[in-house]
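Protein chains in written order, with our numbering: chain A, 18 to 132; chain B, 14 to 124.
Below, the structure is given as C-alpha cells:
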C-alpha cells in the first residue's frame, strides 16, 4: 500500500469490553511502533517491533495491553477489559531499515472511546 | 521520566512574527526528528537531523541539532496561519531503539 493504514478509524466500546486495533505497515518496513496520544498531548510509546527480534514492550501501561505482529507485517494491539482512561488515539508507525535518522511513517490512528 | 522536554507548551502569535520552539534532553540522541500534526491526523515528518551542530532549512523553517546531540530548535520566520499545528520532536537513542517523543508545542498563528 501507499502508506500505513489503521482500522477501525473510530471505535466506541463499553467499559470492560476487549478491543482489537489493527495496523498495516508499509510493505517491506521492518520496524513497527504503537503509540498512544491523549487529547492535545504528545505521543506515549507503547511497543516496538523490529524484524524477528523480541518486541520492546516497555511502554505498555498494564497487562491489559498486548500486541502481536504476524509474519513481520500486520500488527494487532489488544486492550482487554477496557477502562475509561484507555480512551485516546492509538497511532501506528513503520520504518524501513536500521540506520540512524530513518523516517517513521504514521497511520491516521484509531480513535478509541470507552464509555 | 520525560526524556524530551519541549517548550513552550503553547504559543499563539500574530502572522508575520518569528518564533523558536525548543526540544531539550539530558540524553544523547543518534537522530532527532521534528513532526507536525494537524487535528485528526497522524504526525507528518518535517526533518531529521543526525549530526551534532547540523542545520537544515525547509522554506521558512530552520532546524538545528545541538553540538552534543542533546537538544534541538525549530525557528519559523514570518509565521503563516498554515503553520498552525502541534509540533513534536522525537529522538532515537540508538539506531535499534524506540523513538521517544516530546509532548509537543501547540502553535497557533493568528491572521
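Backbone N, C-alpha and C define an ideal beta-carbon position, used for all residues, glycine too. Note that this is a predicted model, so its numbers are computed, not measured.
Check                                                                                             : Outcome
Bridge partner(s) assigned by DSSP for residue 91(A)                                              : According to DSSP, which records beta bridges pairwise, residue 91(A) is partnered with nothing at all.
C-alpha gap between residue 113(B) and residue 74(A), whole angstroms                             : 14 Å
Beta-carbon proximity of residue 52(A) to residue 63(A), cut-off 8 Å                              : yes
C-beta neighbour in chain A for residue 111(B), strict 8 Å                                        : yes
Any C-beta of chain B under 8 Å from that of residue 123(A)                                       : yes
Residue 61(A), DSSP secondary structure in three states                                           : strand
Residue 96(B) - DSSP class collapsed to helix/strand/coil                                         : helix
Opening and closing residue of the beta strand (DSSP E) in which residue 19(B) lies               : 18–20
Element boundaries [beta strand (DSSP E), containing residue 81(A)]                               : No beta strand (DSSP E) holds residue 81(A); DSSP gives it neither H nor E.
Interface flag, residue 62(A) vs chain B, CB-CB below 8 Å                                         : yes
Nearest candidate by alpha-carbon position, reference residue 118(B), set 28(B), 33(B) and 29(B)  : 33(B)
Bounding residues of the beta strand (DSSP E) (the contiguous stretch that carries residue 69(B)) : 68–71
Residue-level contact to chain B via CB, residue 120(A), 8 Å cutoff                               : yes
With 16 other Cβ atoms within 10 Å as the buried cut-off, status of residue 28(A)                 : buried
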